[in-house]
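Engineer:
Number of protein chains: 2
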Amino acid sequence: MSDETRTKLLDLIKDQGEVVRKLKAAKAESAKIAEEVAKLLDLKAQLGDENAGPQKLILKTPKGTRDYNPEQMALRLGVLEKIVAIFKRHGAETIDTPIFELKEVLTGKYGEDSKLIYDLKDQGGEILALRYDLTVPFARYLAMGKVSTIKRYHIAKVYRRDNPAMTKGRYREFYQCDFDIAGQYDPMIPDAECVRVVSEALTSLDLGPYVIKLNHRSLLDGIFAACGVPQEKFRSICSAVDKLDKSPWEEVRKEMIEEKQLDGDIADKIGSYVSKKGGIELIEQLRSDAILMNQPAAVSGLDSMALLLKYCEIYKLSDKIVFDLSLARGLDYYTGVIYEAILTGDGIGVGSVAGGGRYDNLVGMFDSKKKQVPCVGVSLGVERIFSVIESKLANKGQKIRTAEVEVFVASAQKNLHEQRMGVLSELWEAGLKAEQSYKKSPKLLAQLQHCEDSGIPLVVILGEGELARGEVTLREVATRAERAVPRANLVEEIRKWLSNPVSPP
Amino acid sequence: MSDETRTKLLDLIKDQGEVVRKLKAAKAESAKIAEEVAKLLDLKAQLGDENAGPQKLILKTPKGTRDYNPEQMALRLGVLEKIVAIFKRHGAETIDTPIFELKEVLTGKYGEDSKLIYDLKDQGGEILALRYDLTVPFARYLAMGKVSTIKRYHIAKVYRRDNPAMTKGRYREFYQCDFDIAGQYDPMIPDAECVRVVSEALTSLDLGPYVIKLNHRSLLDGIFAACGVPQEKFRSICSAVDKLDKSPWEEVRKEMIEEKQLDGDIADKIGSYVSKKGGIELIEQLRSDAILMNQPAAVSGLDSMALLLKYCEIYKLSDKIVFDLSLARGLDYYTGVIYEAILTGDGIGVGSVAGGGRYDNLVGMFDSKKKQVPCVGVSLGVERIFSVIESKLANKGQKIRTAEVEVFVASAQKNLHEQRMGVLSELWEAGLKAEQSYKKSPKLLAQLQHCEDSGIPLVVILGEGELARGEVTLREVATRAERAVPRANLVEEIRKWLSNPVSPP
């Protein structure tokens, strides 16, 4: 069996194992389970025939994860640098927290998604789990350090045992990139700045047209109440509404009625509200809805939205935002405004690239005296942003430089490696970015080819004759122009060229 | 819990409470206080388990881990930026790998230390473990991607279930910072560059005097053979020699004889070799040792060291290095040159700040056809470097800026928040780093105090009268000098000031 076949087979076995586990968990019909178990045994048998001898190492990264090669890293670091510049423009500091937390810190924060948390093995110590997002650790950090005001960003990896759709840029290990403002402040001032931050970041990354959807959890609660949803179903109906960005209303309606036992009439009323979107005029329209205005939550949610829209206008965001009643956001912990940004350019189809909202009660869950620290923030979906930029570059056939070498030190004859090292030592001392071949006697053509392939703009070529005359050759890679320069002036000549390159690197 | 146990526990809690109170009174380092508070909470938790009522959440990070606050992060990012600049000066690219690997990838690579690996819980999928270092994942990356040449750096966290000595800067989660050169090249050319990289990094970080110890595994093997150590004991005797940087010879000798069943005579012979250190003259001295020169491994190791020392001289490293026969390095996978850098300044006492070596057989362990990719690299001990720089700053009473705000937008009267937001919007549009208070009507004094506390150099103050005249006040925080500037020229005036600040920020 080839390595490839074996790996495929192992993947199939794993997937089939998942199928069986799910059926069992869902207490499916026993005949159905038996059928799938039989398939699983079949697959295992195929593998088993080959199993004589020692088990072979399967060379792969864990399911749903990947390595980043130098090209991918250069692109990612470039994107993150731009985003960090925006966060810093808004005065944010940064913090870091451990990759794992005590399991109980994460418990009860993610609703249905808790099953996606990676647990560490109990090796005789604390019960730990990998972080699922950066928000809960942030709240734990605030409560533990008794921090009551901070504006921070945090860029780090998080972990979810989801079924990865890796082709769509969804992984089990992925970067999150969060900006949050914590503190007891006046309404909507930090909230509006978060919208501004998202807008500046998406503009700076040149991702094409986008829209930032805005809504408010109190308004949604008010709508649910006005439609007659029982209080205890608010969150589960909210989860259903959240699916409207991916599913048509008919499916969401079906979920409300069949899974969540809502009356069809109530579902239809909700449907007529959540189809509304617009700008400031939508506020007036909703304010004239007497049934809705009977709900205090709706009144306060609308007042908040009116203030947010006004501030967004001052921040010159009016053409980037839409007040969208179908926006619900999945997570339980939001208490106020909620955001979601989507790219609207042709053929992008990656959905949300940023999301967030206000969560005023999360920090209190960690404080022994239940002291609250109100928070609002946004998370940029950098993995999707990476994918979009990667495919843009691929379409244009553009290559990205993965190293920053300014000058390559080459030799034209054999056994000049010690002379090359002497030159390199000087260049490094001068702070220049320089490298050489690690072979004693590389071929000149191979050295020049390496410079062209990796975008190195300058080459110093050492030759016996030139060295005897106290000279070296300086070659411009783009034009292939060469000239002799005194060995003693080499650093100066290179600096002169770099400060005003004939053809910029 | 028995009454007796409970009483003992209460006593311990009281004692630990005293420890914490004293540290706080003495204004000890916050990391130290946090550590003792964690112990206190641990004790209280043991008591709490017995208490009736709902379980209380223990607010802490997992054992051996910590949060990094904005000051710590600013310092760390500053250090890493300097190190990355050196890596880039040598033409390195960067890669990233997942935080966890298939367990079998890590198995059999770390000898006795394998017990320190963090395993993930088997949640019905692959058997995973957190990475223990960056070297084994790098080797897996090379084999999996069939990469045969690369010069890369990798800065990321690794995980070891060690007994942490957090006061000494040792944690269970910590950063590693690796530079490696992979490829089939001529002897010692990449190896010498690694020494140069360590030297440039330590110099650039201004850590005071340091020395880089060099040795060669073949030479050590030759010495062991010449002294009469049986072949199968080479690695375990090498581990014993490795302890010479922390323990006196007498203890190491005892370990060799009692634990590793070596003859006393043989141990003494080893002792006379490993006490030698020096420069190029040591090579000649060893070459005149006929018994040693009977061992082919010693001859080839010495030849390699001679070449390395020559290259280090060309790289102007002679006054930074010492050829030290007691250097052994713990890990099994080294096959050639080994390095270790230590700070030698007064009262530093942090031991090794960098280490590494050549490992030519590691990649082959992952390749189905055992294809080797020779590698050499160094790892900078950035956690220790962070501690050294932190305590330097603390001694000087220096504060580090955690945000980069250039200009604060303040108001002198109530209800000018919309005007402030209008000004901010302009400043951000111009790319200036600017912030405001998130309160509608903050006190002017509080706003100015914030600027002084956080090192913000400029303030724009809005007042009703000035705004009516089309003016704003520009205040220089350091000198408290104020002047009126036209509202319309604000961006220009700020840029002018920043390009030539009266008192630099």
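Residue numbers (this note's numbering), protein chains in the order written: chain A, 11 to 515; chain B, 11 to 515. Backbone N, C-alpha and C fix where the C-beta goes; we use that ideal spot for every residue, glycine too. It should be emphasised that the depicted structure is a prediction, and the values quoted were computed from it without experimental measurement.
Give the residues from the segment 408-426 of chain B that approach chain A closer than 8 Å (Cβ to any Cβ), ordered along the chain.
Structural biologist: 412, 413, 414, 415
Engineer: State yes or no: is the C-beta of residue 440 of chain A within less than 8 Å of the C-beta of residue 419 of chain A?
Structural biologist: no
Engineer: Between which two residues does the beta strand (DSSP E) carrying residue 496 of chain B extend?
Structural biologist: 492-496
Engineer: I'd like to check one pair, residue 368 of chain B with residue 438 of chain A: are the Cβ atoms closer than 8 Å?
Structural biologist: no
Engineer: By alpha-carbon positions, which one of A:106, A:146, A:16 ends up nearest to residue 377 of chain A?
Structural biologist: A:146
Engineer: Quick one: which unbroken beta strand (DSSP E) runs of 3-plus residues sit fully inside the segment 356-432 of chain A? Chain order, please.
Structural biologist: 362-368, 385-390, 417-421
Engineer: Helix, strand or coil for residue 499 of chain A? Go by DSSP, reduced to three states.
Structural biologist: helix
Engineer: Comparing the C-beta of residue 504 of chain A with each C-beta of chain B, is any distance below 8 Å?
Structural biologist: no
Engineer: Can you confirm whether residue 153 of chain B, when its beta carbon is compared against all beta carbons of chain A, has any partner nearer than 8 Å?
Structural biologist: yes
Engineer: Give the range of the beta strand (DSSP E) segment to which residue 318 of chain A is assigned.
Structural biologist: It is not in any beta strand (DSSP E) - residue 318 of chain A instead sits in the alpha helix (DSSP H) that spans 306-324.
Engineer: Look at residue 447 of chain B and residue 415 of chain B and say whether their C-beta atoms are less than 8 Å apart.
Structural biologist: no
Engineer: Report buried or exposed for residue 500 of chain B, applying the criterion of at least 16 other Cβ atoms within 10 angstroms of its Cβ.
Structural biologist: Under this definition residue 500 of chain B is a buried residue.
Engineer: Mind pulling the chain B residues with CB within less than 9 Å of residue 189 of chain A?
Structural biologist: Within 9 Å Cβ-Cβ: nothing; residue 189 of chain A doesn't reach chain B, min ~13 Å.
Engineer: For residue 80 of chain A versus residue 107 of chain B, is the C-beta distance shorter than 8 Å?
Structural biologist: Not closer than 8 Å, so no.
Engineer: If I measure Cβ to Cβ from residue 498 of chain A and keep anything under 8 Å in the same chain, skipping five residues before and after, which residues do I get?
Structural biologist: Excluding its 5 nearest sequence neighbours in each direction, residue 498 of chain A has C-beta neighbours in its own chain below 8 Å: 480, listed in chain order.
Engineer: What are the residues in the segment 449-462 of chain B lying within 7 Å of chain A by C-beta distance?
Structural biologist: Answer in chain order: 449, 450.
Engineer: Alpha carbon to alpha carbon, how far is residue 52 of chain B from residue 26 of chain B?
Structural biologist: Looking at the backbone, the Cα of residue 52 of chain B and that of residue 26 of chain B are separated by about 10 Å.
Engineer: First and last residue of the alpha helix (DSSP H) that includes residue 260 of chain B?
Structural biologist: 259-264
Engineer: Let me know the beta strand (DSSP E) ranges lying completely inside the segment 138-174 of chain B, each 3 residues or longer, listed in chain order.
Structural biologist: 138-140, 160-169
Engineer: Compare the Cα-Cα distances from residue 474 of chain A to each of A:119, A:503, A:487, A:428 and report the closest residue.
Structural biologist: By alpha-carbon distance to residue 474 of chain A, the top candidate from A:119, A:503, A:487, A:428 is A:428.
Engineer: If we define contact as Cβ-Cβ less than 8 Å, is residue 83 of chain B a contact residue for chain A?
Structural biologist: yes
Engineer: If I follow the unbroken beta strand (DSSP E) through residue 440 of chain B, where does it start and stop?
Structural biologist: No beta strand (DSSP E) contains residue 440 of chain B, which DSSP labels as neither H nor E.
Engineer: For residue 115 of chain B, collect the residues of the same chain with a Cβ closer than 6 Å to its Cβ; drop the 5 residues on either side in sequence, then sort them by chain order.
Structural biologist: Result list for residue 115 of chain B: 150, in chain order.
Engineer: Would residue 431 of chain A pass as an interface residue toward chain B - the criterion being a Cβ-Cβ separation below 8 Å?
Structural biologist: yes
Engineer: Does the segment 19-38 of chain A come into contact with the segment 127-142 of chain B, if we say contact requires no fewer than three beta-carbon pairs (one atom in each stretch) closer than 8 Å?
Structural biologist: yes
Engineer: Distance check for residue 48 of chain B and residue 64 of chain B, CA to CA, integer angstroms please.
Structural biologist: Reliability of the predicted coordinates at residue 64 of chain B is poor, the pLDDT of 45 falling under 50, and no value is obtained from them.
Engineer: What does residue 435 of chain A reach in chain B if we use C-beta pairs closer than 7 Å?
Structural biologist: Contact annotation for residue 435 of chain A against chain B: 324, 325, 326 [CB-CB distance below 7 Å, chain order].
Engineer: Go through its chain and collect everything with a Cβ distance to residue 521 of chain A's Cβ below 6 Å, but skip five positions before and after it.
Structural biologist: Lying before the first or after the last residue shown, residue 521 of chain A is absent from chain A, which here runs from 11 to 515.
Engineer: If I measure Cβ to Cβ from residue 62 of chain A and keep anything under 8 Å in the same chain, skipping five residues before and after, which residues do I get?
Structural biologist: Unreliable placement is indicated for residue 62 of chain A, whose pLDDT of 39 sits below 50; the coordinate value is still reported in the next sentence. The answer is none, since no qualifying residue turns up.
Engineer: If you drop the 5 nearest sequence neighbours on each side, which residues of the same chain put their C-beta closer than 7 Å to that of residue 322 of chain B?
Structural biologist: Within the same chain, residue 322 of chain B has close Cβ partners 202, 205, 328, 331.
Engineer: What are the boundary residues of the beta strand (DSSP E) that includes residue 186 of chain A?
Structural biologist: 183-192
Engineer: Check whether chain A comes within 8 Å of residue 195 of chain B, counting only Cβ atoms and requiring the distance to be less than that.
Structural biologist: Yes, contact with chain A.
Engineer: Just to confirm the assignment: which complete alpha helix (DSSP H) runs, minimum length 4, are found wholly within the segment 77-139 of chain A?
Structural biologist: 80-99, 113-116
Engineer: Once you ignore the five residues that flank residue 392 of chain B on each side, which residues in its own chain have a CB closer than 6 Å to its CB?
Structural biologist: So the qualifying residues of the chain are 185, 187.
Engineer: For the candidate residues B:222, B:459, B:485, whose alpha-carbon lies nearest to that of residue 504 of chain B?
Structural biologist: When each option's Cα is compared against that of residue 504 of chain B, the closest is B:485.
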